[in-house]
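Here is the structure we will look at.
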Amino acid sequence: MTQYVELADAAEILGVHYQTAYRWIREGVLKAEKVGTRYRVHKSDLAAFRDARYSPIPPPEVTKVRDWEVLSQHFYTNLITGSASNAKDQFERLLVGGLDIVEAIEKMMAPALYEIGQEWTTGCLSVAVEHRASRICCHILETASYQRRGRPHGKVVVTTPVGDEHELPSMMATASLRFHHWLVQHLGSQVPMQDLVDFAKTDKPDFVVLSVTNPKARPSALITKELLEENGFRTIVGGMGSSVSELIQTIQSAHGEVDIDSIAQ
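Position one of the sequence shown corresponds to residue 7 (this note's numbering), numbered consecutively onward.
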């Protein structure tokens with residue numbers, strides 16, 4: 007009884023296309039012998055490869071943060087000294103360690119930014135330093151804001167209302183939603199009401215998120231929300247004390263009322 011199987015048979019056993027199995031052989035991943043112009047795989051090598059490929063992989067160990075306050079203080083120091091690369095590395099290490107980006111934002115980034123804001127208000131820090139810190143965080147979130155693998159839940163448009171030029175909170179929302187498998191169109195800040203409605207009619211999002219930081223812009227946000235909802239778009243006004251985790255929970259809760267198969271991909 008032969009101890010070898012032809013490449014085509016090996017591919018069928020592995021449940022892949024012939025060319026895929028051939029590529030594995032060329033890459034040295036799957037052991038095989040070449041006989042003339044054809045490849046054959048030893049049954050024991052095939053069984054070992056199949057078992058290794060389809061065995062469940064334990065999830066990586068998640069980083070455990072001993073003291074978020076200390077970590078946030080280090081992040082604060084990196085921000086006020088303009089150490090952008092150190093701040094970026096510090097944030098990304100948490101994500102590589104398996105932490106949820108929402109936790110990194112709420113427990114490290116947001117407290118550091120709040121402290122900087124307080125010191126700017128009292129005159130301890132200049133506008134330039136405060137703006138630089140915000141831009142560093144924007145860059146960090148832009149880098150970390152990517153679509154994760156997995157089926158998306160639906161589509162969300164994120165922006166700020168007219169009168170609110172603070173883009174950073176909307177970027178926090180965007181990065182958090184993408185991390186949690188939502189397709190997000192981030193439109194920046196101060197999109198005119200009718201332009202936003204027209205965009206929504208074209209993009210057909212499941213939700214529109216209006217991030218509000220400036221209290222003076224809240225009336226504009228509420229009018230925009232009313233206009234969007236009149237056109238059939240569920241709209242959430244966030245910011246001003248609300249957290250990104252609350253935003254995620256609100257959207258996921260509302261999304262649970264919808265047939266997931268009907269969500270636009």
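By construction, the Cβ of each residue, glycine as well, lies at the ideal position given by its N, Cα and C atoms.
- Between S140 and L174 the beta-carbon gap is near 5 Å, inside 8 Å, which marks them as a contact.
- Judged by DSSP secondary structure, E136 falls within the alpha helix (DSSP H) whose first and last residues are 133-150.
- Of all C-beta pairs linking the segment 85-94 to the segment 52-64, fewer than three are shorter than 8 Å, placing the two stretches out of contact.
- Around the Cβ of S176, a 10 Å sphere holds 16 or more other Cβ atoms; the residue is buried.
- When the alpha-carbon of E232 is set against those of T8, L202, L253, Q255, the nearest one is in L202.
- For Q191, the enclosing beta strand (DSSP E) begins and ends at 189-192.
- DSSP, read as helix, strand or coil, puts F213 in strand.
- Contact between Q196 and V164 fails: their C-beta atoms lie close to 13 Å from each other, not under 8 Å.
- Looking at the DSSP output, T165 sits in a beta bridge with L216.
- As computed with DSSP, V11 is found in a beta bridge with V47.
- Residue environment analysis places Y60 among the exposed positions, since fewer than 16 neighbouring C-beta atoms fall within 10 angstroms of its C-beta.
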